[in-house]
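Single-structure report; data block below.
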Amino acid sequence: MSHLAHANARKQTAVQTDELITANGVSVVLGNQLILQNIDLSIPQGSFVSLIGPSGCGKSTLLKVLAGLVTPTSGSVSIAGLSATEAARRRMIGLVFQDANLLPWKNAVDNASMLLSIANRSLSRAELQARGQEMLELVGLGDASNKYPHELSGGMRQRVAIARALALDPAVLLMDEPFGALDAITRDSMGQSLLEIWQRTGKTIVLVTHSIDEAVHLSNHVHVLGIRPGRITESMDIDLPYPRDLSVAEDPEFVKQAVHLRMLLRASHQPGGAS
Ligand SMILES: Nc1ncnc2c1ncn2[C@@H]1O[C@H](COP(=O)(O)OP(=O)(O)OP(=O)(O)O)[C@@H](O)[C@H]1O
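FYI, in full-length UniProt numbering the residues of the sequence shown are 1 to 275.
Below you can see the structure in the form of C-alpha cells.
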C-alpha cells in the first residue's frame, strides 16, 4: 500500500466513528429572527433520539437542517462525514411528517415504492412492487397492498409513509411528529411498531415529539429544546433496557424518567438568552 493509500485508509477510519450525525454550532436566522442558536448534537449510529420542546422552539427547523432542507446561517452538520445536502442527494435520509401525503390514485404498494421509482428509474415494475411489498410487510401492512389511501385509517396511512421512506434504505430516518394526528391508542401501537422496525433494521432515528411518554418509551436519548431562541437546554439518556413493550409505562423506572423529563421540559418553556 502506498503512503497516500495508508493516509486515506487512516482518514476513512477516522470518519467511521460511532457518530452518524453531528451538528456543530448550528444557528439559523429566518427573516431577522434567531430561530436556532448554537446547536451542538452528536447522534450515534443506530440510536433512537427524540427532540422535545415547547411549540415554536425550532424542532422542525432543526430536523430540516439535518435533512439538508434548511442551510444553517452558521455552523455545520455532518452525516456520515458528508454535508446534510450531500447525504440527502445520496438518498441517505428518509423523512416522515405528520401528514402521510400519499398519492390518492396509487394503492399502498405503489405509494410505498413511489420514492424508489423516482430515485432509481432502472428498476422494473416487478422489482418496485417487490420492494414496496417487502416494506409494507416490515411495517405490518402486508395484507393491505392493494388498498388505496381513502380505504386506510390514519395509522395505516402513516405506516405506508414509513414504508415509503424505508424503501430507499436510508441511513437515517427523520420523523416530525409522525403520530401527532393519531388517537392515543393508535399512537401507542404505532410507537411500538416503530420500535420493532428500528430494532430489525438498525436505522438511526431522530423523532420530533410533543409526548413525554413517547420519548421515554422509544428513545435511548432525548434532547430538550428551549425557546426564544431555540437551543438545547438539556439532554438525557433513557435508561431502560430494550426490548421495550407498552407495559414499560408501568415500570417505576419509566415513571421516574418521565417525571424527570417533564421537569426538564417545564424549565425549557422559560425564554432564555445565551445558551
Ligand atoms: N420560513 C420561515 N420564516 C420565518 N420564520 C420561520 C420560518 N419557519 C419557521 N419559522 C419560525 O421559526 C420558529 C420555529 O418553528 P418550528 O416549526 O421549527 O418550531 P417547532 O418547535 O417545530 O414548533 P411546533 O412544535 O409547534 O411544530 C417559529 O417561531 C416559526 O414561526
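All residues carry an ideal CB built from backbone N, CA and C; glycine is no exception. Being a predicted model, the structure only gives us computed values, none of them experimental.
What residues in its chain sit with their C-beta under 7 Å from that of residue i, if we drop five residues either side in the sequence?
i: K64; result: V70
i: C57; result: L225, G226, I227 and G230
i: M190; result: G155, Q158, F179 and L182
i: L195; result: L218 and R244
i: M114; result: L103, K106 and R164
i: S31; result: For clarity, residue 31 is Gly in the given sequence; the question names Ser instead. Taken in chain order, the list of residues that qualify is empty.
Grab the span of the alpha helix (DSSP H) containing residue i for me, first residue to last.
i: G154; result: G154 to L166
i: L264; result: P252 to S268
i: G132; result: R125 to L138
i: L66; result: K59 to L66
For residue i and residue j, what's the separation of their Cα atoms in angstroms?
i: V127; j: L136; result: Per the sequence shown, residue 127 should be read as Glu rather than Val. C-alpha separation (whole angstroms): 14 Å.
i: I118; j: S47; result: 28 Å
i: Q199; j: L174; result: 16 Å
i: K256; j: E214; result: 14 Å
i: G132; j: A267; result: 44 Å
i: D183; j: T209; result: 15 Å
i: L116; j: G272; result: 43 Å
i: S145; j: A112; result: 9 Å
i: L218; j: E19; result: 19 Å
i: residue 276; j: T61; result: Only positions 1 to 275 of the chain appear in this structure, which leaves residue 276 out of reach.
i: P149; j: D143; result: 14 Å
i: E253; j: P243; result: 15 Å
i: G154; j: I185; result: 12 Å
i: H260; j: Q37; result: 24 Å
i: L103; j: S211; result: 29 Å
i: Q33; j: S55; result: 16 Å
i: R90; j: L66; result: 14 Å
i: D251; j: P241; result: 11 Å
i: Q270; j: E234; result: 13 Å
i: W105; j: L152; result: 13 Å
i: R262; j: A23; result: 25 Å
i: N120; j: A167; result: 11 Å
i: L82; j: A171; result: 12 Å
Report yes if the C-beta distance between residue i and residue j is below 8 Å; otherwise report no.
i: residue 315; j: G53; result: Nothing can be reported for residue 315: it is not among the residues displayed for the chain, which extend from 1 to 275.
i: V77; j: A84; result: yes
i: V93; j: T204; result: The sequence as given places Ile at residue 93; Val does not occur at that position. Contact flag unset, no.
i: M236; j: V248; result: no
i: L138; j: M156; result: no
i: Q129; j: G180; result: no
i: K147; j: N101; result: no
i: I21; j: L41; result: yes
i: V49; j: V206; result: yes
i: N220; j: I197; result: no
i: L246; j: Q158; result: no
i: S122; j: G75; result: no
Quick one: what's got a C-beta closer than 8 Å to residue i's C-beta in the same chain, skipping five residues either side?
i: V29; result: I35 and T73
i: I232; result: I39, D40, L41, H223, V224, L225, G226 and S275
Terminal residues of the continuous beta strand (DSSP E) containing residue i?
i: V29; result: E19 to L30
i: S50; result: F48 to I52
i: Q37; result: Q33 to P44
i: S235; result: R231 to D237
i: D176; result: V172 to D176
Given residue i, which residues of its chain have a CB within under 6 Å of its CB, disregarding the five upstream and five downstream residues?
i: V96; result: A161, I162, A165, M175 and P178
i: D169; result: none
i: T201; result: none
i: I79; result: I21 and A87
i: G25; result: N38 and G75
What beta strand (DSSP E) runs, 3 residues minimum, are completely inside the region 69-116? 74-79 and 93-96
Where are the beta strand (DSSP E) runs, 3 residues long or more, that stay fully inside the region 184-247, in chain order? 204-208, 221-226 and 231-237
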